[in-house]
Structures are given as structure tokens and as C-alpha cells.
Amino acid sequence: MEPQTPYSSGWRAGRNDRNETSFIKNLLKRPLLLLLILFTGASAAALLFFVGGWIFSETSQASNDPSLKRAPVSVHKKMEAPSPPLQLKDLNIDINKISSRFSLETSGETLLVESSLDRDLQEYISDLLQTSGTLKAAAVVLRPDDGRILAMVSYDQEGNTGDLCLQADFPAASLFKIVVAAGAVESAGFTPEKNVYFNGGKHTLYKKQLRRNVGKYTNKTTFKKAFGLSINPVFGKLGIYWLGQRGLSDSAEKFLFNHAIPFDFPVETSVVNVPEDDYGLAEISSGFNRQTMVSPLHAALISSIIVNNGILMKPWIIKSISGENGDILYETKPEEVGSPISSETAEALRVLMRDTISSGTCRTSFSRVKRKKVFKDVELGAKTGTINDETGQYKYDWLTAYAIPPGKNGKSICIAILGIHGKKLGRRANRLGRDIINHYLSS
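In terms of the working numbering, the sequence shown is residues 489 to 931.
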């Protein structure tokens with residue numbers, strides 16, 4: 489047996505046994521004290537028996553008294569079912585008739601609907617598109633920080649109804665270079681200052697331009713310049729040699745191509761089908777194809793991801809709906825959809841988009857307006873895209889852009905403009921976008 493220490497449990501048990509033995513011996517030496525203890529215990533037991541019997545008797549009588557009986561309590565109390573939340577899809581709101589505030593008749597009740605639209609901006613863009621000289625046009629302006637739609641306007645020279653902003657019937661053209669550039673930065677280690685090479689013209693895409701050889705007549709530039717000037721062979725080779733089918737598909741899905749876009753109203757899905765052959769990859773990467781489709785709303789969201797540090801906010805246009813008694817029946821709260829790209833990638837893409845304004849395809853259209861006081865210290869970025877339809881009768885003309893005013897209180901915007909031209913060109917999308925940004929900053 490192990491020796492017991494003063495701090496062991498065995499030591500304490502032994503000491504207690506010795507104390508109990510000593511107490512009993514002392515008690516036996518004192519018979520009068522022992523009799524007193526026994527008498528007291530018996531009296532206490534008798535008293536407890538008498539009191540307990542009396543309590544039981546009184547309780548039994550009370551339980552048999554009909555005047556004191558309670559009605560049984562039901563554990564299955566019927567609860568009224570809460571009203572189901574109001575669903576926008578059940579209200580049949582005409583998106584073409586949405587204004588900043590309007591009433592809606594439904595089920596014999598008049599509802600008051602408040603939207604996110606900026607009435608002044610909405611009216612300005614509507615007038616701008618109607619005088620643009622285009623066959624059709626669409627414009628979306630939104631806030632990247634919370635997803636609210638400030639303006640959403642469609643124009644059709646023939647007066648056809650339908651919201652072009654939510655239709656994905658239009659070739660994305662070089663807008664898709666944003667998606668490719670994001671993939672190059674994230675998975676291929678490209679930076680804005682990385683040197684890239686191309687042969688031949690900037691806006692053509694021949695198979696001979698896609699060779700990797702660097703010769704006497706090879707042109708050298710930086711990645712940001714290739715983006716700003718929308719150089720097709722550079723992006724064609726990106727698709728073949730750097731990203732491949734898997735890389736292009738992954739980057740496209742991050743930007744919600746081939747996926748439903750969450751919104752208050754149905755939005756057609758933007759589609760891209762990435763082929764396996766080299767030239768097909770080059771066409772997709774450069775936007776030199778008519779199969780990659782995008783909606784104007786989606787085009788604006790692509791810029792919003794970049795401005796919002798890689799985070800996509802759910803777009804919304806219905807702010808709240810109130811009943812006749814003033815109760816709020818529906819209210820929108822900003823909601824984060826996800827983070828398609830990292831904040832570092834978003835910052836690199838902003839560098840590329842700034843180059844489009846400073847020395848790329850938007851330099852001429854923005855150079856004069858940038859001197860205005862309201863543009864002081866405003867960060868501007870953009871990407872253009874242009875492609876003809878298969879018949880050559882129509883030209884699709886794109887701009888997606890952003891403006892970030894200085895200071896914490898500055899409200900950034902992202903825009904997308906689509907113009908469809910016939911034989912005669914109307915005002916180009918980059919100029920329409922410039923005027924919209926100018927109006928927003930000036931108001």
C-alpha cells in the first residue's frame with residue numbers, strides 16, 4: 489500500500505473513522521445524554537406523522553370540493569396562422585411602368601410602392617436614348633455598394649414593349665475581355681504591367697496572329713494597354729495558352745454566366761459556351777464571336793463586382809410596399825450574393841479599366857469632360873465592345889463603366905449602355921455613358 493500523504497483522500501477518510509469511533513465511546517459513558525437523544529428523536533417522528541396526516545386530510549377534502557375544481561386546460565390551443573410574406577411575383581408589377589413612387593391595385597386593396605429609381609436620372613436617360621439616333625438602346629445605372637437600381641431605361645424606335653435591360657439577346661463582344669482578364673490575374677499571375685506580344689492588327693483575329701513566336705515585326709505592349717485598346721490577338725492567345733477551356737469556363741461562371749441572376753423580376757440568363765479547339769478559344773476570349781450573350785443589367789453588375797472589391801450585391805429596384813393602413817408589407821435589405829473574385833484581382837481590373845479611359849478606346853469621348861470641375865478626383869473606368877450581327881445590317885455597341893467620387897460620402901455608380909445601330913450610326917455607347925456620368929455627378 490502506498491503511504492498516505494497529508495493531501496491525499498485516504499488520509500482524510502482515516503481521520504474521519506477515528507473521530508466517529510471516539511464520539512461513540514464518549515456517548516456510551518454518558519447514559520442520561522443517550523436517553524435524551526433517543527427520546528427527542530421519537531418525539532420528532534411522532535410530530536412529523538401527525539402533521540403529515542393532517543395536511544393529507546385537508547388536501548383530500550379540498551380536492552373533493554366541487555367549488556374549488558378548475559376547468560381542464562387544453563394543451564392544444566388553436567393558433568392563428570401568420571400571413572404569408574408578400575411575394576413580388578404575385579403582384580404583376582409592370583416593370584416598364586415603375587416610377588419612384590406609385591400605387592398598385594391588388595385584391596381590392598391599394599398598395600403604395602416605393603422604388604429605388606432616381607426620378608431625375610431616369611427621366612434624363614429616357615430623353616437621352618430617345619434622341620440618340622439608335623434603333624434600340626438600353627441603360628442601367630446602379631450602386632455597387634448595395635445593389636440598388638438608380639435608373640433602368642429601354643428605348644425602341646418602333647415602340648415595341650419589353651424591357652431590353654433584362655434580355656440576354658445581345659452579343660457581349662469585347663465586354664467578355666473583363667472576364668478573361670480576371671481569369672488571367674487570378675489563375676495565370678498576370679499583372680497590369682506584364683508585357684504581352686501580338687502580331688498584325690489590334691482588332692483582327694487571324695489564325696496566324698495566334699502563334700507564340702516573337703519576331704522582328706512583333707508588337708510589344710503591357711497587359712493594361714492591351715485591355716484598354718481591346719487588342720484581340722493578345723486575348724485570343726490568353727484563351728489558348730494560359731486559361732484553356734476549363735479556365736475560361738470557371739471565370740465565366742464566377743461572373744454568373746450560365747447562371748440565374750437574382751433580381752426582383754426575371755432576368756434572362758447570359759450564356760457562354762466555351763469550345764475545345766484553339767481558334768474557338770481565341771474567339772471566345774477576345775469577344776470575337778456572336779454566341780456569348782449578355783443582358784445590360786448583367787453588364788452593369790460585372791463592373792459593380794470590380795468596384796465593390798470583388799463582392800457582388802443582389803440588384804434590386806423595389807424598396808418597399810405599404811398597405812392602406814401604412815403597414816410595411818415588403819421591404820428590401822441589401823444582400824450579398826457572393827465574392828466572385830478577390831479584392832486584389834478587383835483592384836488589378838480597376839487599373840485595366842482606368843486605362844480604357846485614359847489612353848484606350850474611351851480616351852477621346854471622355855477627354856474633354858474630364859476637365860470639368862465635377863470630375864475632379866473622380867476615378868473613372870470602362871470597357872467597350874462592338875460587333876456586327878451575322879448579316880452585317882446591325883451593330884451592337886456596348887459600354888460598361890464606373891465612376892467613384894472622392895471621399896467617404898461619395899456615391900459610386902456603375903453603368904451599362906447598349907446601342908443597336910442600323911445602316912446609320914447613332915450616338916455611340918461611350919458618349920452616352922459619358923453624358924450619363926456627367927449628369928449624375930453634376931446633379
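The beta-carbon is built from N, C-alpha and C at its ideal position, and this holds for glycine as well.
Of all alpha-carbon atoms in V684, K725, S718, R734, the one lying nearest the alpha-carbon of T710 is that of V684.
Burial state of L913 is exposed, judged by a 10 Å Cβ sphere holding fewer than 16 other Cβ atoms.
Residue range 831 to 846 is occupied by the alpha helix (DSSP H) that includes A836. Between the alpha carbons of P632 and L789 lies a distance of about 8 Å. In the three-state reduction of the DSSP assignment, F686 falls in the strand class, which pools E and B. Taking 8 Å as the upper bound for CB-CB distance, S791 and A639 are not in contact here, some 15 Å apart. In this structure, the CA atom of R607 is about 6 Å from the CA atom of S588. A distance below 9 Å separates the beta carbons of I581 and I806.
The closest CA to that of G826, considering only I772, D651, K742, E771, is found on K742.
Taking C-beta separations shorter than 7 Å and ignoring five residues to either side along the sequence, the partners of F854 in its chain run I845, L868, R922, following chain order.
Fewer than three Cβ pairs drawn from the stretch 720 to 730 and the stretch 751 to 760 lie within less than 8 Å of each other, which leaves the two stretches out of contact. In terms of Cα proximity to T879, the closest of D765, L600, R778, I637 is R778. Secondary structure at F658: strand, using DSSP grouped into helix, strand and coil. Nearest in C-alpha terms to K690, of all of I719, T679, K696, is I719. Going by C-alpha positions, S900 is about 23 Å away from V782. CA-CA distance, S773 to V762, rounds to 9 Å. A direct Cα-to-Cα measurement between L605 and K696 gives close to 49 Å.
Remark: C-beta atoms of V862 and L929 approach each other more closely than 9 Å. Note on geometry: alpha-carbon atoms of F776 and T874 lie some 9 Å from one another.
Rounded to the nearest angstrom, the Cβ distance from A904 to P784 is 5 Å, consistent with a contact under 8 Å. C-alpha of E611 to C-alpha of L906: approximately 17 Å in a straight line. N813 and E602 have their C-alpha atoms roughly 15 Å apart.
Taking C-alpha positions only, S931 is separated from K858 by approximately 16 Å.
For E674, the three-state secondary structure derived from DSSP is helix. Distance from the CA of R851 to the CA of S620, rounded to the nearest whole angstrom, comes to 20 Å.
Taking all protein chains shown into account, A676 has fewer than 16 neighbouring C-beta atoms within 10 Å of its C-beta and is therefore exposed.
Y884 sits in a strand when the DSSP states are folded into three classes. Considering only F664, V641, L609, V759, the residue with the shortest C-alpha distance to A870 is F664.
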